[in-house]
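The block underneath contains the structure these notes are about, expressed in structure tokens.
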Amino acid sequence: MSQRSADPEYQKLLLRYSQNIQRLALAVRELILVEAPEANEFVYEVYTIANHFSFTDRPSDAFVFITTHAGWVNLGFNWGALLPNPDGLLRGEGKLIRHIRITQEADLDAPGVCESLRAAIAEAERPRDKARTPRTVVRLAQSTRTRSAPKRRRS
11 MSQRSADPEY QKLLLRYSQN IQRLALAVRE LILVEAPEAN EFVYEVYTIA NHFSFTDRPS
71 DAFVFITTHA GWVNLGFNWG ALLPNPDGLL RGEGKLIRHI RITQEADLDA PGVCESLRAA
131 IAEAERPRDK ARTPRTVVRL AQSTRTRSAP KRRRS
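In my numbering, the protein residues as written are 11 to 165.
So this is what it looks like as structure tokens:
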């Protein structure tokens, strides 16, 4: 079991989803951190909640990610097309990114899930210097300002 609890800001972001989806997102996060406890976590509030995990301080080096949706959670792999896929779990048509759709906690126990995660970890970029304490960074979407209608000129 991971010793890193979810960041309070991340937990607040998850409140917009059903309790089932909240549990799934946290369970997928837990699975990643059990396998890669030294990974940094970068959480982005975009059209979805996206968590990227990297061993470096650069989110662009992320080896795995989570996206949270209304009816499921994706366990995604930035270099998924290069990973073995003997169980046919990895979905996606792009050049590199693949994902596994998680709709219930039992999906995390399916053959190939942990193997895909471990393969992504094995291929991940590692820092050259001494390892630091893992951290979580949460980036909230900037609120959109509503503009008032232009004032009419008096004639």
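Heads up, the beta-carbon is just placed ideally off N, CA and C, and yes, glycines get one too.
Taking only three categories from DSSP, how would you classify residue i?
i    : result
S64  : strand
L85  : strand
Y27  : coil
E135 : coil
E103 : coil
R33  : helix
G90  : helix
S15  : coil
Under the DSSP definition of a beta bridge, which residues are partnered with residue i?
i    : result
I112 : V83
T77  : A60 and N84
E51  : F63 and T146
Taking the Cβ atom as the reference point for each residue, do residue i and residue j lie within a distance shorter than 8 Å?
i    : j   : result
L24  : T78 : yes
D67  : N95 : no
A111 : N84 : According to the sequence shown, residue 111 is Arg rather than Ala. Result yes, Cβ atoms of R111 and N84 sit closer than 8 Å.
By Cβ distance, which residues of its chain are closer than 8 Å to residue i, with the 5 residues on each side in sequence left out?
i    : result
T154 : Residue placement at T154 cannot be trusted, given a pLDDT of 42 that sits under 50; what the coordinates show is reported in the next sentence. Result list for T154: empty, nothing under 8 Å.
T58  : T77, T78 and H79
Between residue i and the rest of its own chain, which residues show a CB-CB distance below 6 Å, the 5 nearest in sequence each way excluded?
i    : result
T113 : W82
Between residue i and the rest of its own chain, which residues show a CB-CB distance below 7 Å, the 5 nearest in sequence each way excluded?
i   : result
V56 : A151
A16 : L36 and R39
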